[in-house]
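**Student:** Sharing a structure here in structure tokens format.
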Amino acid sequence: ATLETLGYVCEEISHQELKQNEANAILTAIMNLAQHPAESRLAVPKALYNALGFATSQEVDIRQATYECLVDIASMYYEVIEPYMQTLFELTSKAVKEVEETVALQVMGFWSSICAEELEIQESIDLQSGQPEAPHSRLIEKALAFLVPMLLETLLKQEGDQHQDDNTWSLLMAGGTCLGLVARATGDIIVPLVMPFVEANITSSEWRCREAATYAFASILEGPNIEKLFAQGFEDVKSSSFDLTLYLTKIIVSLIATSGSTLNKVVRCAKVLKTAQIIQHLLLAVMNKMSRIFD
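Residue 9 is where the sequence shown starts when you use the working numbering, and the numbers rise one by one after that.
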């Protein structure tokens with residue numbers, strides 16, 4: 009009953025007139041009640057849905073707090089949020105385009121949480137060969153045509169400094185991570201949505217575009233069938249509007265450079281003995297995998 013009352017309050021009041029502490033109090037109350045086992049699982053997302061007006065508040069902190077709540081709702085109440093997904097997508101699409109990166113980062117967290125839930129459900133299906141406890145609504149697959157362009161756009165939002173601190177969690181990193189989760193959740197069907205972006209940007213004179221293309225391609229390597237991913241550029245030229253063959257060398261060179269930088273950081277942080285031997289074994293495994301792909 010408390011959640012229903014909060015929902016009605018949110019529905020009636022003007023969100024633009026609320027002060028930050030008042031909005032935060034309402035959102036905090038909803039999330040506290042959401043964790044109470046006596047509350048109806050239908051009442052929680054409905055109450056938050058009525059509070060989504062906070063997502064359009066002029067106060068950045070209120071918008072950020074709203075999306076933080078959405079991240080929690082996505083993981084705790086996945087099975088009952090489908091009726092609200094259209095509104096949620098419209099709001100998150102708008103938020104990603106905002107100047108305030110803190111809000112956009114929470115949006116990435118929301119979609120990543122949904123991906124994580126669906127991956128867990130799919131894993132349960134694969135292991136049990138039956139019906140999982142939570143229904144698989146395939147929300148990511150249903151939103152794919154709209155979600156992927158939004159995520160690809162975030163990859164173009166690098167800072168002006170090409171050598172920025174890699175330890176800082178940026179919108180670029182969050183978008184790439186989310187894209188990788190989407191690829192794992194949806195598999196092959198993401199490939200034709202990402203590869204035109206790769207083609208359009210891999211040969212650009214702008215370093216941001218080239219890095220975005222490389223990052224996009226690298227992000228979907230896990231999920232789709234790797235043979236089909238490469239075949240899109242080699243064997244499907246007649247039915248495809250693009251040909252990956254022309255850009256594959258540049259993509260691989262960029263991937264090697266990126267992996268080299270990442271490996272360097274791992275080695276510096278690992279503090280393990282016999283690092284050289286470990287790397288040799290890893291490289292051998294990578295080469296064997298690449299050999300099987302091109303056979």
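Backbone N, C-alpha and C define an ideal beta-carbon position, used for all residues, glycine too.
1. How big is the Cα-Cα spacing for residue 96 and residue 285?
2. When we look at the beta-carbon of residue 120 and count the other beta-carbons within 10 Å, is it buried (16 or more) or exposed?
3. Classify residue 198 as helix, strand or coil using the three-state DSSP reduction.
4. Alpha carbon to alpha carbon, how far is residue 300 from residue 293? Give it in angstroms, no decimals.
5. Following the continuous alpha helix (DSSP H) through residue 150, name the residue where it begins and the one where it ends.
6. In three-state terms, what does DSSP make of residue 233?
7. Take residue 222 as the anchor and find which of 146, 236, 83 and 202 has the nearest alpha-carbon.
8. Let me know the secondary structure DSSP gives residue 100 once reduced to three states.
9. Per the contact definition of three or more C-beta pairs closer than 8 Å, is the region 205-213 in contact with the region 182-193?
10. Whole-angstrom Cβ separation of residue 68 and residue 108, contact assumed at under 8 Å?
11. By Cβ distance below 6 Å, which residues in the same chain neighbour residue 117 in space, the five residues on each side in sequence not counted?
12. Under three-state DSSP, which class holds residue 177?
13. Between which residues of its own chain and residue 183 is the CB-CB distance below 7 Å, once the five residues before and five after are set aside?
14. Residues in its own chain within less than 6 Å of residue 63 by CB, not counting five upstream and five downstream?
**Tutor:** In short:
1. 49 Å
2. buried
3. helix
4. 11 Å
5. 147-162
6. coil
7. 202
8. helix
9. no
10. 5 Å
11. 79
12. coil
13. 116, 159, 162 and 163
14. 71, 74 and 99
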